[in-house]
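First the structure, in the form of structure tokens, and then the observations on it.
Numbering (this note's numbering), first residue to last: 54 to 307.
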């Protein structure tokens, strides 16, 4: 007796499968966030480290001893900050699994060559996001905290930063730097689609430098040129790397 052919999945079957994928992602994220929530001391030892001169970046730079004081101004603020930070940490920990589940859901609809390109694109994008986040935590955010947290218009005015402000700045800058570091990946994709090329990027290099300085000024709300250049330099290097990446990107077949 011949085997029964596989029936194609309907729209509702795909929708049901997507629901299962999202439920698994949510479950893993909640579990990881719960673990991070329970490990409060370890989590906030890591998160609050850049506010003190004991942080590794300051020690390597030979910064004079300092410590930025944080305060709480709301009844529920510390709990909500703890909860939000744990959720972010949990999502960051399970992010490889999230990408795996989403890719496994989409990959059956891709051809073999598309699957190879998608794997390389998603993998490189994820690595670049982690590099951007790490650079922010180890260099850009500490320099921002050092400058803004210790800046005084007068010795009579003490700085008392709120915990909410500190965490919001850390998470926002981490997200922004992670997205900025996707520049080579996005450039490769646009080049493969035929929208940009090496010549175009080289011709507009001076315009790109101006845009990079503007983006750097937005990312780091400081007024000193040193911090601005520290942020702008890696973004400029990313642009130059993007030119190299674009040069090697094959055009997409029509």
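Where is the CB? At the ideal position from N, CA and C, for every residue including glycine.
Distance between beta carbons of residue j and residue i, contact taken as under 8 Å
| i | j | result |
| --- | --- | --- |
| residue 237 | residue 291 | 6 Å |
| residue 138 | residue 96 | 7 Å |
| residue 25 | residue 133 | Because the chain is modelled from 54 through 307, residue 25 falls outside the range shown and cannot be assessed. |
| residue 193 | residue 226 | 7 Å |
Spatial distance of residue i from residue j (CA atoms)
| i | j | result |
| --- | --- | --- |
| residue 124 | residue 117 | 23 Å |
| residue 57 | residue 63 | Since pLDDT at residue 57 reaches only 46, below the 50 mark, its modelled position is unreliable, and the value read off the structure follows with that caveat. Whole-angstrom Cα-Cα distance: 18 Å. |
| residue 126 | residue 215 | 7 Å |
| residue 239 | residue 185 | 15 Å |
| residue 294 | residue 188 | 17 Å |
| residue 163 | residue 114 | 49 Å |
| residue 199 | residue 178 | 30 Å |
| residue 264 | residue 201 | 24 Å |
| residue 330 | residue 234 | Because residue 330 is not part of the residues shown, which for the chain are 54 to 307, the question remains open. |
| residue 280 | residue 165 | 45 Å |
| residue 106 | residue 196 | 11 Å |
| residue 130 | residue 67 | 41 Å |
Beta-carbon proximity of residue i to residue j, cut-off 9 Å
| i | j | result |
| --- | --- | --- |
| residue 268 | residue 249 | no |
| residue 171 | residue 159 | yes |
| residue 245 | residue 302 | yes |
| residue 74 | residue 143 | no |
| residue 203 | residue 91 | no |
| residue 89 | residue 146 | yes |
Residue i - containing alpha helix (DSSP H), residue span
| i | result |
| --- | --- |
| residue 219 | 216-233 |
| residue 265 | 258-272 |
Legend entry - Uninterrupted alpha helix (DSSP H) stretches inside the stretch 86-119 (no shorter than 4 residues): The stretch 86-119 contains these whole alpha helix (DSSP H) runs: 93-100 and 109-114.
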